[in-house]
Structures are given as C-alpha cells and as structure tokens.
Amino acid sequence: GSPLWKQQLSVCSASRWDPLMGGLSMFDDGGLTVGIHSDLSSDAHGQEKRKADTTAGAQMESHELELEVRWMATGNVVCSVTAAPAMSISQVKQLVHAQAGIPIEDQRLLHEGRELSSEAPVPSPLVAPLLLVRSVSDPRVSDLSHFRAAADFEALPPGAFTHVRKLAAGIHGDIFQYHWRQQGSESAVAVKKLRADRLGEVRGTETDERVVHMEPWRKAPDAEDALTEIGVLSYLSRQADVCPYLLRMRGVFAEEGSAWLVTDFAEGGDLFDLAVSGRVQEEKLRRYTLELLQAVEYLHRHRIGHRDISLENILLKEDSVRLMDFGMSVRSHSASGVPLRFFRAVGKDSCRAPEAYCPSTAKTRVVVPAGSKPGGVAMTKAGSGFLCEVKLPADAAPGQGCMAEVWGYAAQPADVFACGVCLFMLAWQCPPWRTARLADPMFSFVHGNGAGGLEALLRHWKRPMLSPDAMGFLKQALKLDPAQRPSAAASLASPWLAPLGEVTAAEKAVR
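Position 233, counted from 1, in the sequence shown is what the UniProt record's numbering calls 233; the numbers after and before it change by one each time, with no gaps.
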C-alpha cells in the first residue's frame, strides 16, 4: 500500500488536481477548495450518522434544529446554530456570519456532497453536519495544502545509494551527500531524509493562512511544510521547459518510517558563504541576479510564490545559481487569475518584505495616504512599528483617519523584494536592515530618506555604489510599496539585466 501520509492525504472522489487552475476543486468552476478528509473511520462515521438521525428526530419534535457547521477542508467545527422550522439556508448563512464573522457572500454550504442554494430550506432530516467552504472570490482565502497532493512517491531502489557525508541538519530531517548509481553511471546527489510522522502532522490542520494568523489557537501547519516542498518539486519535475536555475528533484522515495527527497548536489555551496568570503564583482552579481530572477519568473508564470528567497536558499552548481527550498511556497493566484493574499510573516527576517507584517486583527486604524482611492488597497502605517496593506472603506478620504480591513500581502511582489535584498547582501556583505519595519533603525532611515534612501544609507556607511543601472534596478526591487515594485518579468527587462539576458539567449541558441 501507499505510505501512511499518502493514505491520510486522500481527497474527495469528485475532486481533480490542476496546479495552474486552482488545485483541488469540487466543481468545474474551480471556486471551491477541498482539503484533507475528516479522520473518522467508516464505522465511526456510521455511528455519527445514526446519532444524527436520532438527534434530528428529537429536534423535529421540539420544532428546532441544532445545526453543526464544519469546515469541509479540515472537519473542524466552525459554529453551531439553532434553526427554526422551515428556515432557509440564506438565514443559516446570516447566523454563521453573526457567530463566525464569515461574510455571507463568501459562504457555500454543502450537505452530503450537494451544495445548498440560499433559497432552499434546511435539509430534513439532517443526517450529517453542514460543510462550509469559502468562495475564492475573496482573495484573502488561501489554501496552504494546495501543492501537497502533487507529491509523487516511489519505492526506494535497493543498493543504489552510497553515503558520503552529512551536509546539514534541517527542520524536517537531516541532509546528506550520496553517490547514486543507476544504469551504470554514478552521480552526486543531495538527500533530505524526512520522517514519516512529521509528514503526517499536517493532517487536520487549518489551511487558510488568514485564519491561522488571526486565530493562533487553531491547529496550524508549520510555516515550512515538507509535503508542500515535495509537491512543488514533483510538479516542476513534470514540466518539459523547467528553468535550469531551479534545483532539480531526482526523485522522492519512501521507505519504512521515512522518505528520501533526492535532488542534484550543488558542489559550490550557497550564496551566503560566497557573500561572507568577500565582495562579489558587479559582473558576477549581474549574472547571478539574472539567473535568480529567471528562476523566480518561471515560478511566478506557473502561479507559484516562493516566500523564502534568501542567500542560504540559493546554491551554486557549475557557477550557476540553483534556487531551492519550497517548503513555504504557495499558489499565488486564484483560478481566475486574482492574486491571493497571505498573512504570516515567513522567510528570513532580513529578506522579508515590509508588507508581510500584518496585524492579527480583521481591521486596523490608519490615516488614509495621499493619492489613494476610496475602496482601494493602500500601503500605509499601521500601529507604531510597521507598514502594511489595507483595503480602505468606500468613504475614505486622504489625510483622514479610518478603520480599514487588513489585506495581507501578495506572494510575488514579496519574492521580488527578497531578490533585491539578496543582491544588496552579495554586493556589500550585509543586509540593509534586520527587519523591514519602522522600528528598525536602518529601515526607518531608508524609509525616511524617500527615493534616495538606499544611496543615503550607503553614504552613511561609507560604502561604494554600484553602477547607475545596477542601483536603479536595486531601488526598484526594494520599493517599499509592493504596488510600485516591478514584477520578476519586468525586472528581467531592466537596463541592467536585459543586455545580459539577450547575450545568454543567443549563446543558448548557438549551442
């Protein structure tokens, strides 16, 4: 049989997997996301159903129904509501909104696999809990489990691997160098050994990152999810045009109690070690940045946000970069192409974009920034120590205070910001700040000096500038407002990178 964690991650029989068009979806419109099944055994489910039948009968006699509403993704209880006779589903949604705060327009309720229309009465008899999913019309609704189902495991081939040395210790398992012999040839590979019980821990965890952020008492997956990493790498390994600057997965193998994630071995170490060793010349900086952004642009084109780009996660193989570590990756856009919003501050502190620091409340008090539109999304100061993106109310007026919805952040602009920090660290052997928060003195200095903030910081440190084109590129990538940051594709077309990209493309065509 399949490994335990694969059995645990079964999905509804009506679902389908499409990484680009919304992942696991129950209906053809891709509007519903389906996560992990409840862990009830068939026998226990039968007992629950019989109990529900009995309860329903008793409730009918009392002319009231006690409705239990559960998340379809996890089986966790959302709330319980008391329904009067002949109450409509629309009225139930109003009660769910009153108790759980979920907007009525975002609710979709199902009973025994069938979606209930708002005009329909509450099912009678009620033989199972109502299942709730949220429509992806709300970009703040994310699915952290999206890539897990793409994880593709094989049996570990016997006697093919020879241990060389331990490379590092990881959160989910240690990493080793092996020699892998197959079909008469031998190659160096890196093997991350993952414990099966850690892979199974994601079962039953909350999959909506906004809920995880706002309600920290809920059972939540680790920010770095090994199954997500395997899922992303499995998906990339099936693409014919995969970018060469993404670390290549060679296979995922299951054995008793563990799984082996096998990738290419990068003999050049990581870019952090390179930065520590001394200043990198601008021509090499330019090539590494070009390769990194080509990898990021490929991910973004496939609607994947990395969220953990750092020098430690960029390896060197044959003096070319290899972006790795996809444990914090997310689906960046909905099926209809709307950028999804995320709320947890993940990734390395110094590489994290300023908008990734979100208040853990649904709304926050802000002063409406100049030039912003009523009902629009704006980057502004929230609280005393950070900037964040909010959705302004329809009556917002510049310069006036108001309560605005906390709007999270989009993954792709945050990735571009992290690329900018990586370039800065390679060029000057230190990050520009510890954290991109106003409470950080260096970040506050850059923010306070406006468009010339980076140059002012380097002059203050008595450090040399890069070329004008390189400085222009860096300033764009590190724009504090994500709406003003260029995309990865636009960054590749910058005056600093475009000429090198054309030369590289011409060299490949000759080969």
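We put the beta carbon where it would ideally sit given N, CA and C, even for glycine.
Residue i versus residue j - alpha carbon distance
i, j, result
"P431", "S310", "11 Å"
"K391", "S185", "57 Å"
"A436", "K475", "15 Å"
"R463", "L457", "9 Å"
"V141", "T205", "15 Å"
"E267", "V191", "14 Å"
"W496", "Q429", "21 Å"
"L323", "A155", "27 Å"
"L233", "T82", "46 Å"
"D308", "A84", "50 Å"
"T33", "D106", "Unreliable positioning characterises T33 in this predicted model, as indicated by a pLDDT of 31, which lies under 50. The coordinate reading is nonetheless provided below. The alpha-carbon atoms of T33 and D106 are separated by roughly 12 Å."
"R434", "L480", "15 Å"
"A128", "E112", "7 Å"
"G375", "H213", "23 Å"
"S491", "V189", "32 Å"
"T162", "R301", "37 Å"
"P103", "D138", "10 Å"
"M379", "A160", "53 Å"
"F153", "G452", "51 Å"
"E318", "L246", "13 Å"
"K381", "C388", "6 Å"
"V11", "T228", "Its pLDDT being 30, under 50, V11 is placed unreliably by the model, and nothing is read from it."
"P441", "P221", "33 Å"
"L24", "G231", "Unreliable placement is indicated for L24, whose pLDDT of 32 sits below 50; the coordinate value is still reported in the next sentence. About 13 Å."
"D39", "L292", "With a pLDDT of 34 at D39, under the threshold of 50, the modelled position of this residue cannot be trusted, and the question is left open."
"K284", "L274", "11 Å"
"P216", "R148", "22 Å"
"K373", "D241", "41 Å"
"Q294", "Q94", "47 Å"
"N449", "D395", "31 Å"
"residue 575", "V276", "Outside the modelled stretch of the chain, which goes from 1 to 511, sits residue 575, for which no answer is possible."
"M465", "L423", "13 Å"
Residues near residue i by beta carbon distance below 8 Å, same chain, minus five either side
i, result
"L116", "I89, L109, L110, P123, L130"
"S467", "E282, W496"
"A370", "P398, G399"
"S250", "One detail in the question is off: residue 250 reads as Arg in this sequence, not Ser. The answer, listed in chain order, is W180, V189, V262, T263, D264."
"Q182", "P157, A160"
"V252", "A151, D152, F153, E154, I230, L233, S234, A259, W260, L261, V262"
CB of residue i within 8 Å of CB of residue j, strictly
i, j, result
"P499", "P413", "no"
"P486", "V377", "no"
"R341", "G383", "no"
"E297", "A489", "yes"
"A226", "G347", "no"
"L438", "G385", "yes"
"T361", "V406", "yes"
"L199", "L261", "no"
"G257", "A169", "no"
"E224", "I171", "yes"
"L454", "V280", "no"
Neighbourhood of residue i by C-beta distance below 7 Å, restricted to the same chain and skipping five residues each side
i, result
"K166", "D174, F176"
"A493", "none"
"H333", "R303, P339, L340"
"A404", "K363, T364, V366, V390, K391, L392, P393"
"E502", "none"
"C79", "V69, V96, Q99, A100"
"A345", "R352, A356, Y357"
"D411", "Inspection of the sequence shows that residue 411 is occupied by Ala rather than by Asp. Correct list, in chain order: G305, R307, V330, S332, F342."
"E255", "L156"
"W71", "V78, L132"
Nearest candidate by alpha-carbon position, reference residue i, set the options
i, options, result
"M87", "E66, G278, L227", "E66"
"R248", "Y288, L316, A451, V406", "L316"
"A150", "G159, N76, V92, S237", "S237"
"Y288", "K93, A470, N76, G75", "A470"
"P354", "E291, L478, Y178", "L478"
"V164", "A240, F265, S118", "F265"
"I314", "P244, P359, F445, S372", "P244"
"D270", "G472, Q239, S444, V321", "V321"
"V368", "C402, S350, Q239", "C402"
Residues near residue i by beta carbon distance below 6 Å, same chain, minus five either side
i, result
"F272", "L311, E312"
"A120", "I89"
"N76", "none"
### Task
Taking only runs that begin and end inside the UniProt domain "Ubiquitin-like" (65-122), name each unbroken beta strand (DSSP E) of 3 or more residues, in chain order.
Qualifying beta strand (DSSP E) stretches, in chain order: 65-71, 77-83, 107-111.
### Message
Suppose only complete runs of 3+ residues qualify. What are the beta strand (DSSP E) ranges in the region 205-280, listed by chain order?
### Response
Qualifying beta strand (DSSP E) stretches, in chain order: 249-255, 258-264.
### Message
Going residue by residue through the region 325-401, where are the continuous alpha helix (DSSP H) segments of at least 4 residues, counting only ones entirely within it?
### Response
Listed in chain order, nothing qualifies, since the region 325-401 has no complete alpha helix (DSSP H) run of 4 or more residues.
### Message
Extract the residue ranges of the beta strand (DSSP E) inside the region 283-332, only unbroken runs of 3 or more that lie entirely within it.
### Response
Annotation: the region 283-332 contains the following complete segments of the beta strand (DSSP E) (minimum length 3 residues), in chain order: 314-317, 320-323.
### Query
Going along the chain, which unbroken runs of the alpha helix (DSSP H) with 4 or more residues stay wholly within the region 397-481?
If we require 4 residues or more, the alpha helix (DSSP H) runs fully inside the region 397-481 come out as 411-428, 441-448, 453-461, 468-477.
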